[in-house]
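Novice:
Residue numbers (this note's numbering): 1 to 312.
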């Protein structure tokens, strides 16, 4: 005999699941993503520049040549100016001395940008919106108007990404000899938005540094980590830092010592007192010196005898 209990249980479970889906379903829609696109492009630039290490030119006078970094119309807010300023920050962080004129520098740093753009694709798990029935009904004159079938989505995913590619090199300003090159550096930033039964977006990716978010609010679900790149630079470009400035020698002139002005009478008194001190010191030294003992004068008789002999 056939047992209907498993079949009934399966039907009951399926019905309960559909009821729960109906109760807990929601609807969410992204109205604008211009901020997301700007965050993607700027994050790609920041990640790329954070890998640049200018420590080879530390304490050297350098000139940053921006000839080949141009502002391109239609790219967005993140453009050549943002890239130039970011590169200057990384150069200064390496303690390179930027000069405003090329002739004042010992080395020239030149940069170029190969890529700065965004991509995106959308995946829908369900039935997409369709107007095929309404188009077919319009061919029949007596047929009633059939509305467009709306999108029936169990889940939807919208993936956006941006890429940046930057290269930098340096050469001697006078001899034009090669000094250093960074190689071709590139980085990618991502933003992943997910809708489940219409509820969302659940946001994750490299631009969300604090972790996953739900419709712009942080949620404590470790869906992804915002840290994708390791920074090997001497100074971390992505974090704040304080630098100690080299103290300069004081340019304030020291005050000359004040000269005391004396009258003629005071000067004569000081000179006289100084001479008296010298005389007193000499007299004291003479008094302390012992006198030599007097010897008998034995030479005088001999001299007298010599005189008498000569007279004779």
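Virtual Cβ for every residue (Gly too), placed ideally from N, Cα, C.
1) DSSP on residue 110, reduced to helix/strand/coil?
2) Skipping 5 residues on each side, what residues in its chain have a beta carbon closer than 7 Å to that of residue 187?
3) Name the DSSP bridge partner or partners of residue 214?
4) Would you call the CB atoms of residue 123 and residue 156 closer than 8 Å?
5) Between which two residues does the alpha helix (DSSP H) containing residue 88 stretch?
6) Under 6 Å Cβ to Cβ from residue 162, same chain only, skipping five residues before and after it: list those, please.
7) For the 8 Å Cβ check, are there 3 or more pairs between the region 70–84 and the region 198–205?
8) Hey, residue 63 and residue 173 are a contact pair by Cβ (cut 8 Å); roughly how many whole angstroms apart?
9) How far does the beta strand (DSSP E) with residue 186 in it extend, from its first residue to its last?
10) Return the bridge partner residues of residue 115 from the DSSP annotation.
11) How many angstroms separate the CA atom of residue 52 from the CA atom of residue 191?
12) Residue 131: buried (16+ other C-beta within 10 angstroms of its C-beta) or exposed?
13) Could you give the DSSP three-state label for residue 98: helix, strand or coil?
14) Is there contact here, the region 166–181 with the region 92–111, by at least three beta-carbon pairs under 8 Å?
15) For residue 105, which residues from the same chain have a beta carbon less than 7 Å from its beta carbon, with the 5 sequence-adjacent residues on both sides left out?
16) DSSP on residue 42, reduced to helix/strand/coil?
17) Taking residue 150 as the reference, give the member of 139, 135, 128, 171 with the closest Cα.
18) Considering only the alpha carbon of each residue, which of 84, 125, 205 lies closest to residue 36?
19) Roughly how many angstroms separate the alpha carbons of residue 263 and residue 272, rounded to a whole number?
20) Leaving aside the five residues before and after residue 153 along the sequence, list all residues of the same chain whose C-beta is less than 6 Å from its C-beta, in chain order.
Specialist: The answer reads as follows:
1) strand
2) Setting aside the 5 residues that flank it on each side, residue 187 is surrounded in the same chain by 44, 47, 48, 164, 229, each with a C-beta closer than 7 Å to its C-beta; the list follows chain order.
3) Per the DSSP secondary-structure output, residue 214 pairs in a beta bridge with 202, 217.
4) yes
5) 80–93
6) Only residues of its own chain outside the window of five on either side were considered, and among them 40, 41, 44, 118, 189 have a CB closer than 6 Å to the CB of residue 162, listed in chain order.
7) no
8) Contact check for residue 63 and residue 173: beta-carbon distance about 7 Å, within the 8 Å limit, so the pair qualifies.
9) 178–196
10) Looking at the DSSP assignment, residue 115 forms a beta bridge with 165.
11) Going from the Cα of residue 52 to the Cα of residue 191 covers about 24 Å.
12) Classification of residue 131: exposed, given that the 10 Å Cβ count is below 16.
13) strand
14) yes
15) Excluding positions up to five away in sequence, the list reads 61, 62, 63, 99, 173.
16) Residue 42 sits in a helix when the DSSP states are folded into three classes.
17) 128
18) 205
19) 14 Å
20) 124, 126
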